[in-house]
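Note sheet for the following structure.
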Amino acid sequence: MPQAAATISGIQKMVLYETRARYFLVGSNHAQTKHRVLKIDRTEPKDLVIIDDKHVYNQQEVWELLGRLDLGNRTKIGQKGSSGLYRAVTAYGIVGFVRFLEGYYMVLITKHRRMADIGGHSIYKIEDTTMIYIPNDSVRVTHPDEARYVRIFQNVDLSSNFYFSYSYDLSHSLQYNLTSLQRPYELWSSAASPAKVEAHARSKQDSFDIFEDEGLPTQVVYGLQTEPYYKYVWNGKLLERIKDIVHPDWLMYIIHGFCGQSKLLIYGRPVHITLIARRSSRFAGTRFLKRGANCEGDVANEVETEQIVHDASVMSFTAGSYSSYVQVRGSVPLYWSQDISTMMPKPPIRLDQADPYATVAALHFDQMLQRFGSPIIILNLVKKREKRKHEKILSEELYPAVINLNQFLPPDHRIDYIAWDMARYTKSKLFNVLDRLSMIAENVVKRTGFFINRSDFYCHTLRPDDRWRDVGGCVTIKGRLQTGVLRTNCVDCLDRTNTAQFMVGKCALAYQLYALGMIDKPKLQFDTDCVRLFEELYEDHGDTLSLQYGGSQLVHRVKTYRKIAPWTQHSKDIMQTLSRYYSNAFSDADRQDAINLFLQVYQPAENKPHLWELPTDFYLHQTSTMALPYNRRSYTLWWSDGVISYLPVPYDEVACEDTMKKVKVKRLNRFDESIDIYTEFFKPYELTSFDDTFCIAMTNSAREFMPKSVGVDPSPFTVRKPEETGKSVLGKSSKEETVLQRKTAASAPPPPSEEAITSTSEDDSEEDRDDEGSVSQRSTPIKLLTESGESSRTQEEIQMHQTIKEPYGLDLSKCPADEDMLIYERFARLGESQHTVEKTEQINVANIISLVPVSRFPGDSVYAISVPQVDRDSRDVFESHVMAGQGQVRALCRDDVLMYREYVKNRYM
C-alpha cells in the first residue's frame, strides 16, 4: 500500500505590494521556488473583492510580473523617479478579513516564533500582527463609531498564546492525525464521488508521463489535507468570506490556549514532552460572564489538554515512536450563572432555566462521544458540605442529569461520575490530597488507555507488570488507541482542576514512558527531574489558562496541595486573588466584548444597536432560545446517528463515509516538496547556526534540573532532595533574581567551617563523618607533615583551606584517594618511559608502539610514493566516464532509468 503524508502549506511567507487600485499579496513556500498571487481590489468601499491567480509562478516569473506592475502603475510613462508599486509589509500568514461599519480590514502575521516540534512539524506562536485597511482613501466612507470598533477588536492580543502550524493540524489530536495516515487508500477511492474521479483522470491526462509505456513502477504518496475541527479554531469566521474562492494554501487556522515543549534526557537519549491546550471558540469568554453551557451544548472555559511524548532521536511519523494522552476541562454543563452586579468575591450561583430532561447535558456529552469515544469519566471537584449552599447546587443538578442520560446508554458505554470534595480534603490534616488523586488517576488511565503508534515490546511479555495488564483502550496491530476521556471540573475549572489534571497527566506519563521502553515500571515519583520538568510545564499551562479566563495566575498550585510551598507563597496567593477580583470586576466586560467581536459572534451593522449598547450578550450565544426547533431531538436517543455503533472508538476517527468527506487526498510523487518534511524542517538550502536551533534552546532536564556536582546519578527518574536540583523547587526565579543572587554571593563573607554546615548530599555527609572520627587514612599524611615541621601552616590557614572547594566539589586541603594516587603514579611512570625511549637506542620502538597504515599506499614515506592499487569498480566508473566523453555511451540499467525519471519529474513536471 502506498504511503500517506500530511500536506505542507505551499505559502509560508508573503509580501504585500500596494498600488492605488489594488493590493497584490505574493505568497511563496519557504524555499521560494513556488509563488502564488492574490489580487485585492481597493476601489470597493464596503465589499471584499479578491481574485486568486491560479497560476503557480517561479521566482523569475514573479519578478517579471512585479516589474510590469510597477511600470504600468507609474503616474507618467517612462518616469523613473517614483515607483508605482510599493512594498507595504512582509508577513507569514493571514489571520483573516473583518469588516465593522466601513470597509474591510486585513489582519496579517508579521512575527512568529517556534514553540514546539512534533515529528519535524513545527508549531509557531504569533508574536506580532498588523491590521491593514483595504479600501483607498479616495473611496473611503467614514463612520464616527469605526475607530471604537477597531479598538475593541484589537483588545484581543493576538501576540498572546495564539498558535499555528504550516504542516500539522493543531485543532485535532495526535491520535486523529496519525490514524488518518494509516487508513488504506481503497477507503478514500471508494468514498470519492464520480466527479472527483473524472477530474483526477482529466488531470492525469494533462500531465503526461514519458515513462508510462515502459512499465516502470510509480512511487506514489498520498498527500492528505484534513478539515480542521472548527470548535477549536479561532479565526474560522474571519476566513469564511475567502474560504471558497482562494487556494487552500492561503488558509491558515490558528488555535488559542497554550503550547510548551521540554526535552527529557535519559542517559543522553532525547525524549520530547509537549503540552498543547486548545481553548474552545464556542461560548468563549471571561470568568463570571460565561458560566455553564449554551443551548447548543458548548460549555464555558472548555479546554482540551494533550500531552505528547515521543522519542526525538527518530523524527519521522512512520518510523518514530509517538504517544499522546488527552483530557478535558470545562464548566458544569447546565444553565447557570453568577450575578456580578453585587460586587461580591463569590457571587451566588443561580440556575437560569429548568432542564428536567437534561437536553443541554445531552448535547454536550454527544459532542464528547463523537470526538473521544467511551467511557466518558466526569471528575467533579466542587464542594459537598457548606454552611450556605453555594457550589453544592451544581452537584445536585449534574448528578441527576447524568443518571437520566445513562439509563438510555448501553451498560458498557455509560458515563462514569466521580464526585470528590477536594477543598475539604485539603483542609484536613489526616488525608493526603495527592495520594487520593493518584488513586483516581490510576483508575482513569486504566479505563481510557492512551495512544501509541507502536506495538508493545516483547520484554513487557517476558517481564509482565500488574498495572500494564489492566490498561484499557483499544489495542491494535500498530499500537494502542485512547478510547474515552476524563472530564474534570470545579466551579472555575482553574486551580483545583489544574492540580487534578497534573496528577492524571503524571500517571499517564509513566505509562507512556513505559510503553516507549524508557522505564522498567509504569510509575513515577515526586522530586525527580522528570516530574519536576513535567510539573513546570503544567504550572505554565495552568497560569496561561487562568490568565485567559480568570484574569490572574493560579492561586493554588501543586506545591500548595503537597504542603511544601514556602511561606512567601501565601502573600503571592493573596495578590493573585486580589488581581483576579479586580480583573473580574473592572476589565472582564471589555475583554468579553473584544472576544465577541473577534469571533464574529456580534457583527456590526447600521440597523443594529452597537455592541456597547447591549445590556447582555446572552442572546448572542444562545441563538436558538427564541425559536422553536423543527426537528426536536429525542429525549431517549439523545446521541447522534452512528455514534453508538462504533463505540468505544470515537466516531470522528472511524473510516466511514461522513468522515472521509473531511479529508482531501492528492496523489503526489514521494519527492514532491509539498510532503518533504525533511527539507521543511532542516532547510538545507539555508545557512543556519547550530547554537540558534530550537532543540538547543528548549528546556532541558539535564541543564535545568539535574545537579551540577560530580558523582550524581544522571538518571531523570532518581529522587533528589530540593537542594540538589539545578533549579530551585520552591519557585521559578526570574533573571533579575538570579543576577541579584550572584552579586550577593560574590560580596558575602566567607562561609563557616564544614563542621557547622549541615550536608545536603551523600558525598558531603561521608566527608563530615571522616572529619569527626579519629585519625583516618586520608588525614594521616597531613598530620605527619604537620608534626615533622615540613609545613609551616597555622591552624587558621588549614581551616581556611578546608573551606575552599573547587566548583567541581573537590576539597584541595585533603590528599587524593588511593585510587587517584595509583592513576597518577602510572601516568608518571609512563612519562619516565617516554624519556627513556628517547635516550636509549637499544629499545625497539615497534615493541612499544604498533602503527597500522590507514591509507591505500603500501608504504608511507615523505620521499617516495608508490601508486595505489585501484579496484575493479573504480576502474569501470572511470572507463565509462572516458567512453561518455568520446561519445560512446553504455546501455542504461534499470536504476539509472528510475533515477533519471525522478529527476525529470521533479525538474520539469
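Numbered by my numbering, the letters in the sequence shown go through residues 95 to 1003 in order. Built from N, CA and C at the ideal position, the CB exists for glycine as well.
Residue span of the alpha helix (DSSP H) that contains residue i, given as start and end
i, result
"Gly53", "The chain is shown from 95 up to 1003; residue 53 falls before or after that span and cannot be answered."
"Cys789", "788-791"
"Asn763", "From DSSP, Asn763 is part of no alpha helix (DSSP H) but of the beta strand (DSSP E) over 757-763."
"Ala455", "453-466"
"Glu798", "795-798"
"Asn537", "527-542"
"Ala517", "516-521"
Residue nearest to residue i in terms of C-alpha spacing, selected from the options
i, options, result
"Ile144", "Arg581, Arg136, Gln980", "Arg136"
"Ala387", "Phe972, Asn547, Asp146, Leu457", "Leu457"
"Tyr605", "Met612, Pro616, Gln595", "Pro616"
"Val527", "Gln269, Ser435, His650", "His650"
"Lys107", "Arg116, Ser122, Arg114, Ala115", "Ser122"
"Leu641", "Gly379, Leu160, Asp785, Arg561", "Gly379"
"Val235", "His215, Gln421, Ile658, Glu196", "Glu196"
"Tyr416", "Gly566, Ala609, Glu767", "Ala609"
"Val403", "Gly736, Gly354, Leu463", "Gly354"
"Asn255", "Ile348, His975, Ser974, Ile668", "Ile348"
"Ala413", "Lys331, Val976, Ser549, Asn592", "Ser549"
"Arg376", "Arg363, Asn395, Val314", "Asn395"
"Ser634", "His554, Leu588, Tyr199", "In the sequence as displayed, the identity of residue 634 is Asp instead of Ser. Minimum Cα distance to Asp634 is reached at Leu588."
"Arg367", "Leu383, Gln126, Tyr632, Leu160", "It is Ile, not Arg, that sits at residue 367 in the sequence shown. The option with the nearest alpha carbon to Ile367 is Tyr632."
Under the three-state DSSP convention, the category residue i falls into
i, result
"Val1004", "Outside the displayed span of the chain (95 to 1003) sits residue 1004, for which this structure offers no information."
"Val387", "For the record, residue 387 in the displayed sequence is Ala; it is not Val. In the structure shown, Ala387 sits in a strand (DSSP, three-state: E or B)."
"Thr593", "helix"
"Ser301", "With a pLDDT of 42 at Ser301, under the threshold of 50, the predicted position of this residue should be treated as unreliable, and no value is reported."
"His237", "coil"
"Ile417", "Residue 417 is actually Ser in this sequence, not Ile. Of the three classes helix, strand and coil, the one that applies to Ser417 here is strand, per DSSP."
"Gln432", "strand"
"Tyr918", "helix"
"Arg116", "strand"
"Glu767", "coil"
"Gln606", "helix"
"Tyr198", "strand"
"Arg381", "coil"
"Glu400", "strand"
"Arg444", "strand"
"Lys657", "coil"
"Leu475", "coil"
"Leu648", "coil"
"Leu992", "helix"
Status (buried if at least 16 other CB within 10 Å, exposed otherwise) for residue i
i, result
"Thr542", "buried"
"Ser728", "exposed"
"Ala98", "buried"
"Val189", "buried"
"Cys789", "exposed"
"Lys802", "exposed"
"Gly317", "buried"
"Ala55", "The requested residue 55 is not part of the displayed model; the chain covers only 95 to 1003."
"Gln686", "buried"
"Ala210", "buried"
"Trp157", "exposed"
"Tyr262", "buried"
"Arg497", "Before going further, note that residue 497 is Ile rather than Arg in the sequence given. Classification of Ile497: exposed, given that the 10 Å Cβ count is below 16."
"Val516", "Note that residue 516 corresponds to Met in the displayed sequence, not to Val. By the neighbour-count rule (16 or more Cβ atoms within 10 Å), Met516 is buried."
"Ala293", "Legend: pLDDT at Ala293 = 48, less than 50; position of this residue unreliable, no value from coordinates given."
"Leu524", "exposed"
Range covered by the beta strand (DSSP E) that runs through residue i
i, result
"Met108", "107-112"
"Phe352", "349-360"
"Arg363", "363-373"
"Thr223", "215-227"
"His975", "Unbroken run through His975 is the alpha helix (DSSP H), 966-979; no beta strand (DSSP E)."
"Tyr779", "Here Tyr779 belongs to no beta strand (DSSP E), and DSSP marks it neither H nor E."
Exercise. At what residue ranges does the segment 483-510 contain a whole run of the beta strand (DSSP E), taking only runs of 3 or more?
Worked result: At a cut-off of 3 residues, not a single continuous stretch assigned as beta strand (DSSP E) sits fully inside the segment 483-510.
For this session: Output the residue ranges of the beta strand (DSSP E) runs that lie fully inside the segment 256-281 and measure 3 residues or longer, sorted by chain position.
Result: List check, beta strand (DSSP E) in window: 256-258.
Problem set entry | Contained beta strand (DSSP E) runs [length at least 3] in the segment 550-574, N- to C-terminal order | Every beta strand (DSSP E) stretch that sits fully inside the segment 550-574 and reaches 3 residues is listed by chain position as 568-570.
For this session: Please list the segments of the beta strand (DSSP E) lying wholly inside the segment 120-193, counting only runs of 3 or more residues, in order along the chain.
Result: Taking only runs of at least 3 residues, the beta strand (DSSP E) segments lying wholly in the segment 120-193 are 129-135, 144-151, 180-185, 187-193.
Problem set entry | Unbroken stretches of the alpha helix (DSSP H), 4 residues or longer, contained in the segment 686-746 | Qualifying alpha helix (DSSP H) stretches, in chain order: 712-715, 737-740.
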